[in-house]
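Numbering (full-length UniProt numbering), first residue to last: 1 to 142. For every residue, glycine included, the Cβ atom is placed at its ideal position computed from N, Cα and C. The model shown is predicted, which means the values in this text are computed figures rather than measured ones.
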Amino acid sequence: MTPVVRIINSICSKAKQHRSFKVLLEELSAEYRDLLLHTDIRWRSRGRILLRFLSPLSEIKDFMKSRDEDTSMLEDTAWLLDLAFLTDITGKLNNLNRALQGKGKTVADMISALNAFKAQMNIFSAHLQRKKVLHFPLCRWC
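So, in structure tokens, the structure goes:
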């Protein structure tokens, strides 16, 4: 997470650079029009930050190259795979968190959600041991 935060903050902290990056995203019709400036955020938001970083990754690389910044990490397949896995697993944890919250949730509902999550983790673990990333869409992208 630290390298992602460093890159996001380096792009967003300087007004002129941030405006240039936003213009680039708009010109390329990127899914997101901006990066979220990272501060010490709650862990639930980190998944969204990571996803908003991965979506325009090629645009981020191009922008950093145009500014003669080091992009070696963004071209490292192993690092990108780790980042994609972190993003996917954080999304799954966010889904569990939402399943455990809300009015009218009983202890039985929460236990059921936890047991389902544990079963999913066992399936995911078995698939990952066989190098199958079916349940991790961003890992398939790498």
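Restricting attention to alpha helix (DSSP H) runs no shorter than 4 residues, the segment 38-102 encloses them at 43-54, 57-66, 77-100, ordered along the chain.
M73 and D82 have their C-alpha atoms roughly 12 Å apart. The segment 77-95 makes contact with the segment 46-56: 3 or more CB pairs, one atom from each, lie closer than 8 Å. Rounded to the nearest whole angstrom, the CA to CA distance from E69 to D62 is 10 Å.
For L128, the enclosing alpha helix (DSSP H) covers residues 107-129. Less than 8 Å separates the beta-carbon of L96 from that of F117. Secondary structure of V5 (DSSP, three-state): helix. For L134, no alpha helix (DSSP H) segment is defined, and its DSSP state is neither H nor E.
Excluding sequence positions up to five before and after L86, its CB lies within less than 7 Å of the CB of L50, all in the same chain and listed in chain order.
For P3, same chain residues with a beta-carbon under 7 Å away, outside a window of 5 residues either side, are M73 in chain order. Burial is judged here by how many other beta carbons sit within 10 angstroms of a residue's own beta carbon; P137 has fewer than 16 and is exposed.
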